[in-house]
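Each remark here refers to the structure printed beneath this line.
Number of protein chains: 2
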Amino acid sequence: MVQIPNTPAPTMPPAPRSVPTSADVARLAGVSRATVSYVLNNAGAVRISEPTRRRVRAAAEELGYVPHAAARALRAGHSRMVLMPTLPVPAGPLYSQFVHDFQGALSSLDYTVVQYGATGQGDDDAARAWAELRPVAVLVAGPGLGPEGVAVLKRSGARAVVTLSPEAVEGARAVPLDHADVGRSAAGHLYARGRRRIGVVVPAERGMEMFSAPRLAGAREALHGSDATVTELSLAYTEESAAALAARWPGLGLDAVFAYNDEYAMLLMRALLDAGLRVPQDVAVIGADDLMLGRLLRPRLSTVRIELPSGRELASLVDRAVRSPAAAPESHEPYGATVVQRDSS
Amino acid sequence: MVQIPNTPAPTMPPAPRSVPTSADVARLAGVSRATVSYVLNNAGAVRISEPTRRRVRAAAEELGYVPHAAARALRAGHSRMVLMPTLPVPAGPLYSQFVHDFQGALSSLDYTVVQYGATGQGDDDAARAWAELRPVAVLVAGPGLGPEGVAVLKRSGARAVVTLSPEAVEGARAVPLDHADVGRSAAGHLYARGRRRIGVVVPAERGMEMFSAPRLAGAREALHGSDATVTELSLAYTEESAAALAARWPGLGLDAVFAYNDEYAMLLMRALLDAGLRVPQDVAVIGADDLMLGRLLRPRLSTVRIELPSGRELASLVDRAVRSPAAAPESHEPYGATVVQRDSS
């Protein structure tokens with residue numbers, strides 16, 4: 036319906052000259068720019084008469100002047116913006132809920148959460164791009180932030196850089212979240228159920244490696260040295276891909292599968308059932324994320340529940356780090372994973 | 036585990052004095068601030084010798100200076116930031132995928148998408164807060180942006196304000212997306228299947244009204260003047276709420292339900308089946324969104340597919356609007372809805 040141009044965007048013409056600045060407000064009100072700044076930013080320490088304040092506010096109103104967030108942050112020495120890079124894949128239900136809760140909790144502490152969505156940048160370039168917005172705190176859920184990126188952010192005024200990852204990055208506060216533990220728990224559970232030929236689904240979609248690689252590694256680790264085998268299974272999130280995998284299942288000789296997460300597990304379990312396999316008698320199936328939908332299927336889907344800090348907990352941690360950037364980071368137990376056994380395993 | 040303070044955040048101490056500015060770079064390199072700005076922003080029109088350029092870059096590197104996005108935007112007359120307010124509810128699968136695609140398409144056109152997450156602001160306050168970030172374009176998926184908000188954004192340099200909503204807002208480009216049509220389609224389908232006592236689910240969760248109200252209104256509209264009745268049914272997204280509704284189902288005397296979307300439909304259909312009702316013989320069930328998971332259930336879930344512009348189409352529309360802010364808005368057919376009948380209705 037619409038054409039996507041293949042050429043890069045040309046240089047744009049300058050913005051219309053009508054964007055009002057604080058200088059325009061100052062001119063109209065007959066005061067200095069400093070006075071405009073004091074009045075509109077409610078700088079309490081400066082004595083300015085009420086009539087002058089009214090004149091400045093009226094001029095700003097008349098011109099439709101909006102202060103510049105970054106300029107204000109520069110004057111104040113900090114912003115109230117907490118920046119989160121978006122994930123390289125569409126957010127799943129668990130992450131969407133977490134972001135929603137985190138955002139609500141930070142809003143009630145008077146911060147604004149901004150999710151930053153540029154893709155395809157190198158690690159240091161990404162941190163530099165985030166730094167240009169001058170956030171007071173940065174929360175990074177995926178990998179890809181190194182010590183140099185942390186240093187860039189801190190030099191640009193970020194008081195807290197928090198990572199949700201298994202390994203600590205120098206200069207950042209780590210909330211230790213270990214996806215390998217999801218794979219370890221799932222594989223350990225299937226082994227305890229007597230299964231020895233265990234498949235592990237790796238989504239075929241791009242950008243999932245940050246989660247799927249540690250889950251596979253954790254499964255391998257849990258079964259290392261045992262009498263069980265681990266077979267990597269590529270699966271795209273389509274009915275066709277699931278049907279194809281189910282069709283060649285008998286040749287694989289697997290008696291169990293850890294299907295990456297509940298969505299892939301629901302898809303694969305349906306295809307296995309449709310192919311005439313019995314779950315769990317022929318194939319035990321376990322997912323991860325503990326979505327409610329997994330409880331609606333028959334057999335009910337077993338899953339691995341991931342222990343996550345709540346949005347409120349994490350917002351409070353970010354707030355404390357912003358207030359006391361020099362305080363020693365609090366130590367956390369690593370967040371782990373718990374098997375929820377239902378009828379599919 | 037952690038304490039959430041009840042008091043508002045106190046004034047914070049000023050940022051450490053070590054945040055380097057362009058003045059620091061200028062001092063170290065022995066040049067003017069203007070020269071620093073020209074060099075670091077690659078202003079091609081200005082002649083500056085290569086040794087000077089090198090000295091400025093080395094000084095910026097040594098100090099760890101990062102340009103200020105907003106200051107740069109101010110000089111350039113525009114930013115490359117496209118701002119989207121986040122929804123007041125956790126994003127569902129359809130919206131997550133859309134945001135992911137839109138962001139990817141805009142990234143390839145050299146824009147950055149920022150999702151802005153403050154909540155609980157009045158309409159004009161929200162637009163003013165967005166304006167402070169000086170976005171070049173704003174895409175609003177929900178309601179709540181009025182003509183005054185559009186004017187504030189445009190005065191602050193936004194070249195395009197695009198709304199995804201049934202009604203046009205003065206000054207904004209409307210991509211006409213009509214949730215009422217989802218309700219009209221669902222109710223019309225159930226009527227055509229011979230059902231006359233039709234329930235319409237309204238989620239009990241807060242913040243869903245922007246979608247649920249037009250869907251209910253559309254269903255009422257489609258059946259207005261017919262021999263069918265419409266009964267509003269409140270349902271929370273929990274198994275308990277669904278079981279309670281299923282338990283009182285016989286007393287309601289309904290022979291069909293439009294269950295808001297596929298997730299609520301899957302939840303309610305499971306509870307109805309568990310309560311001994313037959314789907315579709317006793318109750319016809321239809322959802323909306325055409326999620327793949329609805330095809331995994333038995334009976335397969337009927338649904339309403341919502342016609343949405345693709346992320347690429349919308350990105351291209353935003354880009355054209357940014358390049359030609361004065362061009363007349365292109366007109367669109369309203370995006371509608373299509374029933375996908377499967378086995379549950």
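In order, the protein sequence lines correspond to chains A and B. Count along the first sequence from 1, add 35, and you get the number used in this note's numbering. Count along the second sequence from 1, add 35, and you get the number used in this note's numbering. Beta carbons: idealized from backbone N, C-alpha and C, even for Gly.
Taking only beta-carbon positions, decide if residue i is within less than 8 Å of chain A.
| i | result |
| --- | --- |
| Q376/B | no |
| A239/B | no |
| H224/B | no |
| E274/B | yes |
| Y295/B | no |
| T338/B | no |
| A221/B | no |
| Q38/B | Note that Q38/B has pLDDT 35, beneath the 50 cutoff, so the model's placement of it is unreliable and the number below is only indicative. With 8 Å as the cut-off, Q38/B counts as an interface residue toward chain A. |
| R190/B | yes |
| Y151/B | yes |
| T264/B | no |
| L302/B | yes |
If we ignore side chains and look at the alpha-carbon of each, how far apart do residue i and residue j end up?
| i | j | result |
| --- | --- | --- |
| L308/A | L287/A | 16 Å |
| E368/B | P182/B | 22 Å |
| G192/B | V185/A | 31 Å |
| A254/B | A209/B | 24 Å |
| S84/B | E96/B | 18 Å |
| H214/A | F137/B | 28 Å |
| G152/A | Q150/B | 8 Å |
| T70/B | A61/B | 8 Å |
| P238/A | A363/B | 44 Å |
| G223/B | A248/B | 17 Å |
| A361/A | Y146/A | 20 Å |
| P162/A | Q376/B | Rather than Pro, the amino acid found at residue 162/A in this sequence is Ala. Those two C-alpha atoms are separated by around 48 Å. |
| E205/A | A350/A | 21 Å |
| L188/A | A356/A | 14 Å |
| T266/B | A221/B | 14 Å |
| P285/B | V292/B | 13 Å |
| D262/B | D297/B | 27 Å |
Check the Cβ-Cβ distances between residue i and every residue of chain B, and say whether any is below 8 Å.
| i | result |
| --- | --- |
| M243/A | no |
| L331/A | yes |
| R163/A | yes |
| P102/A | yes |
| E167/A | yes |
| V210/A | no |
| R305/A | yes |
| S261/A | no |
| T42/A | Note that T42/A has pLDDT 35, beneath the 50 cutoff, so the model's placement of it is unreliable and the number below is only indicative. Chain B contact via Cβ: absent. |
Between the Cα of residue i and those of the options, spot the shortest distance and give me the residue it belongs to.
| i | options | result |
| --- | --- | --- |
| L419/A | T338/A, V66/A, L280/A | No answer is possible for residue 419/A: the residues shown for chain A start at 36 and end at 380. |
| S359/A | V237/A, L270/A, V235/A, A195/A | A195/A |
| E348/B | R250/B, A221/B, V134/B | V134/B |
| S200/B | E275/B, V175/B, R68/B | V175/B |
| A140/A | A363/A, A361/A, V375/A, V353/A | V353/A |
| R395/A | V124/A, A323/A, T87/A | Missing from the structure shown is residue 395/A; chain A here goes from 36 to 380 and no further. |
| A271/B | S131/B, V265/B, L302/B | L302/B |
| T373/A | G99/A, S131/A, L188/A, V217/A | V217/A |
| L225/B | T147/B, Y146/B, D159/B, S380/B | S380/B |
| R241/A | V124/A, G329/A, R333/A | V124/A |
| Y295/B | Q132/B, G65/B, L268/B | L268/B |
| L336/B | V314/B, L343/B, A94/B | V314/B |
| G234/B | F246/B, A252/B, A310/B | A252/B |
| R305/A | G329/B, T87/B, P178/B | G329/B |
| P55/B | P285/B, V66/B, A94/B | A94/B |
| Y130/B | G371/B, G346/B, R232/B, Y370/B | G346/B |
| Q316/B | G177/B, V91/B, R230/B, R89/B | R230/B |
| F246/B | E274/B, A126/B, L289/B | A126/B |
| A310/B | E274/B, G371/B, I321/B, P344/B | E274/B |
Spell out the partners DSSP gives residue i in its beta bridges.
| i | result |
| --- | --- |
| R232/A | T264/A |
| S337/A | I321/A |
| Y370/A | L212/A |
| P102/B | In the DSSP output, where bridge partners are listed per residue, P102/B has none listed. |
| P55/B | P55/B is not bridged to any residue. |
| V197/B | L174/B, R208/B |
| M383/B | This structure does not reach residue 383/B, given that chain B is present from 36 up to 380, and the question cannot be answered. |
Query raised in the report: Taking Cβ-Cβ distances below 7 Å as the criterion, which residues of the region 88-100 of chain A are in contact with chain C?
Result: The structure shown contains no chain C; its protein chains are A and B.
Query - Runs of alpha helix (DSSP H) wholly within the region 249-301 of chain B (minimum 4 residues, chain order) - result: 274-282, 284-287
Query raised in the report: Which ranges does the beta strand (DSSP E) cover as unbroken runs of at least 3 residues, wholly within the region 199-247 of chain B, from first to last along the chain?
Result: 208-210, 232-238
Query raised in the report: Counting only runs that start and end within the region 144-183 of chain A, where is the beta strand (DSSP E) found for 3 or more residues in a row?
Result: 147-151, 172-175
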